[in-house]
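Participant: Here it is, the structure in full.
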Ligand code: FAD
Ligand code: UDP
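Numbering (this note's numbering), first residue to last: 497 to 877.
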């Protein structure tokens, strides 16, 4: 096309897809969206496996948010299947709830405390920590050393290849603790899965005449396509040719095991903090509510090499990222966004919110411009 694109968007995950959609539909821009993978939806990509089970290619993705704006925005493109995630952790041969709650405390300590007693009990086992800086600090200061050793230390070592004291408090601090019997993993206002899956949600978002999509194409190949502005959702250090050094990322290997029949685990996810090379197993049918003759379980094996899935929150990495962020600010016409573009351990809803904010900044338009139609009705069941 002769006049070129207004925006080249690199990366068809949540960050890139939200910006492509908003810039085209709300601001009338011509957008070229590319991804070096052969599919849209980034790490949220899902598909039907050989047995017809809807699975998540890059590990289990559970949607939850406290943002009404994010939920309203996505509801324009999907109906929802209500789902509240639950996780059990295998500790000393028994399955106990995560986040830690009254039942976890009683099971691990062999007690029969009430809620009020559990509060007092945790106060007695919690270790005072001056300034809470690390993932060890935050857990031992909340629930004490025994629960830290049994439920957090081994899991964190496996997941990150680091000791909890080498990671920011925000990592293990993602998991709350409770003294009541609340057993849901998340307590966000909105908790639901896209009724027909994430990939279908992305297809609806990107179905617009002013969005061209090219898959299996890297930024290196696409950069010669005429465009005014660039939105980059890949790793920020890669964009700058690792000029300041490599930002570390943690990767995973996924194993999928499909068997005929009903559900094989009692909750969506089981964590294995202490044994095995894997951290957790997730059975997709719990999440999706799919009625299928088969069921697939995904097992996650953390590893150093491979796709960059997790930025690693610790002070030296944050300092290196800040230097890349300075380079980014000094690069006109290029906007970095998303989990890799801004090196932030963000959930999907946080990435959507970040992308909507960038859209507002780029165009001066309110985030939900042009989405007057009512939100899609929730799916039955
Ligand atoms: P991505 O989805 O990673 O998209 C970036 C895209 O850019 C990729 O598709 C990549 O191929 C492409 N790309 C990168 N560089 C280039 C290049 N040079 N040229 C072309 N293309 C390029 N969040 C939740 O809210 N709930 C969950 O339960 C949850 N579970 C998760 C489980 C796992 C195992 C992982 C790894 C993440 C999980 N997340 C979850 C986080 C969620 O995946 C991210 O928040 C979200 O997908 C980030 O979107 P993004 O667009 O920033 O990045
Ligand atoms: N974590 C842990 N034990 C658990 C669950 C979580 O030690 O049973 C720690 C671990 O460091 C993990 C972090 O808390 O990486 C965040 O857990 P979350 O389930 O939010 O991780 P994600 O789903 O993002 O992989």
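Positions of the beta carbon are idealized from the N, C-alpha and C atoms, including for glycine.
#1: Please tell me whether residue 618 and residue 561 are closer than 8 Å, where the distance is taken between their beta carbons.
#2: Could you check if residue 784 is buried or exposed, using at least 16 other CB atoms within 10 Å of its CB as the buried criterion?
#3: Since residue 767 sits in a beta bridge, which residues does DSSP pair it with?
#4: Where does residue 596 fall in DSSP's three states?
#5: Tell me which residues share the same chain as residue 514 and place their Cβ nearer than 6 Å to its Cβ, disregarding the 5 neighbours each side in the sequence.
#6: Determine contact between the region 697 to 706 and the region 568 to 575, defined as no fewer than three beta-carbon pairs at a distance below 8 Å.
#7: What residues in its chain sit with their C-beta under 6 Å from that of residue 773, if we drop five residues either side in the sequence?
#8: Assign residue 733 to buried or exposed, taking buried as 16 or more other Cβ atoms, counted over all protein chains shown, within 10 Å of its Cβ.
#9: By Cβ distance below 6 Å, which residues in the same chain neighbour residue 712 in space, the five residues on each side in sequence not counted?
#10: Could you tell me whether the region 786 to 797 touches the region 539 to 554, where touching means 3 or more Cβ pairs closer than 8 Å?
#11: Just to confirm the assignment, what range does the beta strand (DSSP E) spanning residue 709 have?
#12: For residue 701, which of helix, strand or coil comes out of DSSP?
#13: Check each candidate in 691, 624 and 739 and name the one with the smallest Cα separation from residue 822.
#14: Give the C-beta separation of residue 623 and residue 650 to the nearest angstrom, bearing in mind that I take them to be a contact with Cβ-Cβ under 8 Å.
#15: Output the distance between the C-alpha atoms of residue 833 and residue 865, rounded to the nearest integer angstrom.
#16: Assess, as a yes-or-no matter, whether the region 754 to 764 is touched by the region 513 to 528 under the definition of 3 or more beta carbon pairs within less than 8 Å.
Facilitator: According to the data block:
#1: Here residue 618 corresponds to residue number 122 of the chain shown, with the count starting at 1. Here residue 561 corresponds to residue number 65 of the chain shown, with the count starting at 1. For residue 618 and residue 561, no; Cβs fall outside 8 Å.
#2: The residue you call residue 784 lines up with position 288 of the chain shown. Residue 784 comes out buried.
#3: Along the chain shown, one-based indexing puts residue 767 at 271. Residue 767 is bridged to 585 and 776.
#4: Within the chain shown, the letter at position 100 stands for residue 596. Coil, per DSSP.
#5: Residue mapping note: residue 514 aligns to position 18 of the chain shown, counting from 1. Around residue 514: 848 and 851.
#6: yes
#7: As a position in the chain shown, residue 773 is number 277, starting the count at 1. Excluding positions up to five away in sequence, the list reads 797.
#8: As a first step, residue 733 must be located in the chain shown, where it is residue number 237. Residue 733 comes out buried.
#9: To locate residue 712, count along the chain shown from 1; it is residue 216. Cβ within range, chain order: 534.
#10: yes
#11: Residue 709 sits at position 213 when you count from the first residue of the chain shown. Per DSSP, residue 709 belongs to the beta strand (DSSP E) from 707 to 711.
#12: Taking the chain shown and counting its residues from 1, one reaches residue 701 at position 205. It is helical.
#13: Reading the chain shown from its first residue, position 326 is the one you call residue 822. The candidate whose alpha carbon is nearest that of residue 822 is 739.
#14: For the purposes of this step, residue 623 is taken as residue 127 along the chain shown, with counting starting at 1. For the purposes of this step, residue 650 is taken as residue 154 along the chain shown, with counting starting at 1. Actually they do not touch by this definition, with Cβ atoms about 19 Å apart.
#15: Numbered from 1 along the chain shown, position 337 holds the residue referred to as residue 833. Numbered from 1 along the chain shown, position 369 holds the residue referred to as residue 865. Each residue's alpha carbon lies about 20 Å from the other.
#16: no
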